[in-house]
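Engineer: With my numbering applied, the sequence shown covers 675 to 766.
The beta carbon of each residue, even a glycine, is placed where N, CA and C say it ideally should be.
From a predicted model like this one, the values you see are computed outputs, not experimental measurements.
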Amino acid sequence: MNIFQDQRLWLLYLVVAVVVGLAFGRAQWQEQSQQSAYGLTHEPDMDAWLVVAIAAIGWPIVLPISLVEQLKQFIIGRKLAREARRQAKKKR
Numbered sequence: 675m676n677i678f679q680d681q682r683l684w685l686l687y688l689v690v691a692v693v694v695g696l697a698f699g700r701a702q703w704q705e706q707s708q709q710s711a712y713g714l715t716h717e718p719d720m721d722a723w724l725v726v727a728i729a730a731i732g733w734p735i736v737l738p739i740s741l742v743e744q745l746k747q748f749i750i751g752r753k754l755a756r757e758a759r760r761q762a763k764k765k766r
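Following this line, the structure appears as structure tokens:
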């Protein structure tokens with residue numbers, strides 16, 4: 675199974691990458707603003723940005739396929755159960 679063929683998983687991947695990036699960017703901005711308030715200035719920690727970028731890009735590659743498959747089966751199971759409940763209501 676290729677994780678990038680499923681559009682929902684691809685969208686989930688993008689959302690997680692954006693959220694992680696925004697959260698890390700906000701933390702960096704707060705740290706820099708606190709340090710500038712005390713007169714401390716330094717270059718941003720680019721190593722940390724690189725680690726976050728690699729993690730955001732690489733997590734679907736490292737993610738176990740069995741976990742993705744279990745998630746898909748769970749979602750499919752919920753949809754089937756919902757449909758079965760609808761059919762049962764129609765029969766009443």
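#1: Quick test of your reading: residue 698 and residue 726, contact by CB under 8 Å. State the CB separation rounded to the nearest angstrom.
#2: Does residue 766 come out as helix, strand or coil in the three-state DSSP assignment?
#3: Apart from the five residues just before and just after residue 695, which ones in its own chain have a Cβ nearer than 7 Å to its Cβ?
Structural biologist: If we stick to the structure as given:
#1: Stepping through the sequence shown from its first residue, residue 698 is reached at position 24. Stepping through the sequence shown from its first residue, residue 726 is reached at position 52. Yes, they are in contact, since the Cβ atoms of residue 698 and residue 726 sit about 5 Å apart, within 8 Å.
#2: Along the sequence shown, read from residue 1 onward, the residue named residue 766 stands at position 92. Here residue 766 carries a coil assignment [DSSP, helix/strand/coil].
#3: Residue 695 sits at position 21 when you count from the first residue of the sequence shown. Here the set comprises 726, 730.
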